[in-house]
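Visitor: The sequence shown begins at 28 in this note's numbering and counts up one residue at a time.
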Amino acid sequence: MEKLCYAALRETGYTGYILEKAPEKVMQFGEGNFLRAFVDYWFDLANEKAGWNGKCVLVQPISAGLSKMINEQEGLYTLHLRGSQDGEKVDDARVISSVSRCLNPYEKADFDEVMKVAESDELEIIVSNTTEAGIVYDPSCQLSDRPASSFPGKLTQVLLRRYQAGKPGIIMLACELIDNNGKELLKCVNQYIDQWELGIGFEKYVNEDCTFCGSLVDRIVPGRIRDPKEVAALEEFHGYADPLLDVGEVFGLWVIEGDESLNDVLPFKKAGLKEKVFVTPDMSPYKKRKVRILNGAHTGFVLGAYLAGENIVRDCMHDETIKGFMNKMLYDEVIPTLPLDKDDLLAFASAVQDRFNNPFVDHELMSISLNSTSKWKARNMPSFLEYIELKGELPICLTTSLAAYIAFYSNDIQELTDKGLICRRPKVGKASELADRTYTVSDDRWALEFYYEHRADSEADLVHAVLTNEKMWGQDLTQIAGLEAKVVEILKKIRTKGAKAAYADCL
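1) May I ask which residues mark the beginning and end of the beta strand (DSSP E) holding Ser171?
2) If Tyr414 sits next to Thr364, beta carbons under 8 Å apart, how far is it from one beta carbon to the other, in whole angstroms?
3) Ends of the alpha helix (DSSP H) at Val141?
4) Check Phe229 in the structure and name its three-state DSSP category.
5) Any idea if Glu276 is buried or exposed, counting beta-carbon neighbours within 10 angstroms, 16 or more meaning buried?
6) Along the chain, where does the beta strand (DSSP E) that runs through Leu345 open and close?
7) Whose C-alpha, out of Asn156, Thr307, Gly78, is nearest the C-alpha of Asn60?
8) Express the C-alpha separation of Trp500 and Lys404 in angstroms, rounding to a whole number.
9) Identify, in the order they occur along the chain, each residue of the same chain with its Cβ nearer than 7 Å to the Cβ of Val490, setting aside the five sequence neighbours on each side.
10) Can you give the beta carbon distance from Ile521 to Ala431, rounded, assuming they're within the 8 Å contact cut?
11) Could you please give the first and the last residue of the uninterrupted beta strand (DSSP E) stretch that includes Val117?
12) Check the DSSP bridge columns for Cys83 and list the partner residues they point to.
13) Contact between the segment 253–268 and the segment 54–72: three or more CB pairs below 8 Å?
14) Leaving out five residues on either side along the sequence, give the residues of the same chain with a beta carbon under 7 Å from the beta carbon of Ala531.
15) Where does Lys82 land, buried or exposed, given buried means 16+ other C-beta within 10 angstroms?
16) Have a look at Arg253 and Leu103 and give me their C-alpha separation to the nearest angstrom.
17) Can you grab the Cα-Cα spacing for the pair Leu46 / Pro249, in whole Å?
18) Helix, strand or coil for Thr42 per DSSP?
19) Do Pro174 and Phe138 have their C-beta atoms within less than 7 Å of each other?
20) Take the Cβ of His265 as the centre, count every other Cβ of all protein chains shown within 10 Å, and call the residue buried at 16 or more, exposed below.
21) Pairing CB atoms from the segment 135–152 with CB atoms from the segment 48–55, are three or more of them under 8 Å?
22) Determine which residues share a DSSP beta bridge with Cys450 and list them.
23) Can the beta-carbon of Arg451 be found closer than 7 Å to that of Arg464?
24) With distance defined between alpha-carbon atoms, name the residue in Val66, Gly447, Pro50, Thr444 nearest to Val80.
25) Enumerate in chain order the residues of its own chain whose CB-to-CB distance from Lys214 is below 8 Å, with the five nearest sequence positions on each side excluded.
26) Decide if His345 is buried, meaning its Cβ has at least 16 other Cβ atoms within 10 Å, or exposed.
27) Quick check: the segment 473–488 against the segment 368–388, are at least 3 beta-carbon pairs closer than 8 Å?
28) Is the Cβ-Cβ distance between Ala324 and Leu357 less than 7 Å?
29) Per DSSP, Ile26 is paired with what?
30) Between Lys210, Cys168, Leu272, Cys202, which lies nearest to Asp221 when the distance is taken from Cα to Cα?
31) Tell me, to the nearest whole angstrom, how far the beta carbon of Gly525 is from that of Pro453; I am working on the premise that it is less than 8 Å.
32) Any idea which residues DSSP pairs Lys30 with across the strands?
33) If you draw a straight line from the C-alpha of Leu321 to the C-alpha of Ile339, how long is it?
34) Taking the alpha carbon of Pro366 as the reference point, which residue from Pro386, Lys402, Glu203, Asp309 has its own alpha carbon closest?
35) For Met199, does the three-state DSSP call read helix, strand or coil?
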């Protein structure tokens, strides 16, 4: 079967939106599944809905990548957005035509092409997602490198060429999953300006003429489909082969931090996407919303759910007790502590349930359980402490979640190995059918050693040791009135009657 390209697409009679020729207005560092299912999708919608008439030229951030495949398909690929909306199964397919080509700067000709794009009149925006390790200053990078090995080094080379060509500053949209991603990227570029002695004029250009924006990105992107039968069925359905086919969840949100006037410069507001892609002077409330509600829900219920015999998130959304526990935790204990509009918070929480119920994604509880000590501290403890300050009482669901965390890390401990702490699940739910009910707790070594050392403790001694461990929580939690006794009570219930019974007590 012929690979996807403009000619092959025409032969299928495809009737969806396609833009074959347009100026390259975006330079995008990164060509992986996430950016293609997220950033390039939004620009594709901007072309269709707002007549933006722009293309994204992709740049491989490392020497090995997808440039050859992308260029063979003339930048085209199929995106399936799959999930659940208002309880209904959704699978929307769209051919994305916002990508023009992909350049590999580690090849001489392509490096020269990157520099040509840098000095073009059409370029307006640079976007990046080079993983959490991408925004790093590496002093070994030199201006003469073709290209610099670090992403900030490459970006400095691009901006310098643009400055030397006398072109206007660009808008930089950093999508890496680190705090203050835009500010950290600008900091790295300034370090190269100093190291390479590029002058006060260029420094002023970068810091005053260019606009570095941090951003918060939110979409789960499973990526490629690996089942050969499903791949074959989709090829038959679409009428072409597409090795670059991408899959993401239906939900998507891009919060860009900057002056709100950028809403009128970027094409998303005009495209009617202001609820999904927008600029705000301070994105911290939206980050807090995501961490406390989406990530906090995961960490808050999955450990107890696993002890109750569940294995994947979607199945938990079909158990009225577990789902009810999660919803009560979110609506009664987390949302009241957050500083955003109440209706906005309720809508986001409602979408979380749909996202967790995605019929296309088998999200394993054990994968979410990784490093739960630091996760509970970052995602759940702020809501827990703020609720106590606000209401003057313990939040029952979050307190139960804390007890479930302790239970998960201490349930029938078998041994401590190089891979982690080996525990054993109770013989309940789906776990009752397993010949081997052991599971491996993965976390920082000191946390695993702590639980192994306390494996013979009574519930009371264990809870006291956990709550007084300031390395875990940054404070002595036994100072919170009534908490120690309540956690001991719930831990005993989990160990004798099961985690599901403890969850049910909260409802």
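Backbone N, C-alpha and C define an ideal beta-carbon position, used for all residues, glycine too.
Remember, it's a predicted structure, so these values are computed and weren't measured experimentally.
Guide: Taking the geometry as given:
1) Run containing Ser171: none; DSSP gives neither H nor E here.
2) 6 Å
3) Under the DSSP assignment, Val141 falls in the alpha helix (DSSP H) whose first and last residues are 135–145.
4) Three-state result, Phe229: helix.
5) buried
6) Residue 345 is actually His in this sequence, not Leu. Note, His345: premise wrong, no beta strand (DSSP E); not H, not E.
7) Cα-wise, what sits closest to Asn60 is Asn156.
8) Looking at the two C-alpha atoms, the distance is approximately 6 Å.
9) Ile433, Glu511, Val514, Val515, Leu518
10) 6 Å
11) 115–123
12) Val53, Val126
13) no
14) Thr348
15) buried
16) Taken atom to atom, the span from the alpha-carbon of Arg253 to that of Leu103 is near 20 Å.
17) 26 Å
18) coil
19) Yes, these two residues count as a Cβ contact at 7 Å.
20) buried
21) yes
22) DSSP lists Tyr466 as the beta-bridge partner residues of Cys450.
23) yes
24) According to the sequence shown, residue 80 is Asn rather than Val. Of the candidates Val66, Gly447, Pro50, Thr444, the one whose C-alpha sits nearest the C-alpha of Asn80 is Pro50.
25) Tyr164
26) exposed
27) no
28) The answer is yes: Cβ separation under 7 Å.
29) Because residue 26 is not part of the residues shown, which for the chain are 28 to 534, the question remains open.
30) Cys168
31) 6 Å
32) Ala268
33) 16 Å
34) Asp309
35) strand
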